[in-house]
Every structure is written in C-alpha cells, then in structure tokens.
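To convert, note that position 79 of the sequence shown is 79 in full-length UniProt numbering; the numbers rise steadily by one, no gaps. All C-beta atoms in this analysis are idealised placements derived from N, C-alpha and C, irrespective of residue type, glycine included. Presented below is the structure to which this report refers.
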Amino acid sequence: MNLTISGHHLEVTPAIREYVQTKLERVKRHFDQVIDIAVILTVDNLKEKEKRQKAEVNLRLSGKTVYVESLAHDLYAAIDILIDKLDRQVMKYKTKVQGHGKEAIKHLPDNSEEDAVVAV
C-alpha cells in the first residue's frame, strides 16, 4: 500500500504526518485491500475566518476509488472528520462487496417435495 501525504500552502510537519498515519490505521484495520492512499492537506485563504483548513483523501481499492473531503477551523479536527467519513464509506463498500444478502440458487432449500405433498 502506498501512502502519499502532501500539503498545499502548508508544510507537512512530522507531527501531522504521524497523526494522519495513526488515524489511517483504523481504516486499514477494517479493510486491508487498500492499493493507494493520497492525502492532501490545504490551507485556504478565505475571507471568512471559519473553516479554512481542508483535508481530502483519494483511497484506491480494487475496483473502486473513494474520495472524501472535510473542512474545519483546525487541521487536526479536519483530519478527524475526514477519517470518520472515510471509515463509514469503506465499511459500506466492504459490506457491499462481501455480503449482498442473497443466497445462491443451489443453496436454497428444494421445495419440490413440499409441492408434491400439497398436490396429493
């Protein structure tokens, strides 16, 4: 799995890099078939003082790319919100891939014996 952490108008410090890596462990724990993760941390120069910090991630899985972004006043809060959203989407994808909630026709019980008893 490749992990890329980059900053836009921001220097990515070792503390921020470590924080993102520890938070991404939760996603990797729930779904281990991750191919590539690209995290972009941005500081926007908006006129309004709120929600200037932006965190976004592109997570490549086999057969799907998940994109999530979050805005907050603090960069660490933006990363926390981002990881929560990403974890929900990965869990949703995992249940979709694994389950489907349907059984194959060959595993369904055979009703021909019951039909024969009712017909008599």
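Restricting attention to Asp84, Lys85, Val43, the CA atom closest to the CA of glutamate 11 is found in Val43. Membership of aspartate 36 in the beta strand (DSSP E) is indicated by the continuous run 34-43.
Distances from the alpha-carbon of glutamine 98 to those of Phe31, Ala15, Ser6 put Phe31 closest. Residue range 64-72 is occupied by the beta strand (DSSP E) that includes threonine 65. Residue pairing by DSSP places valine 97 opposite no residue, since no beta bridge is assigned to it.
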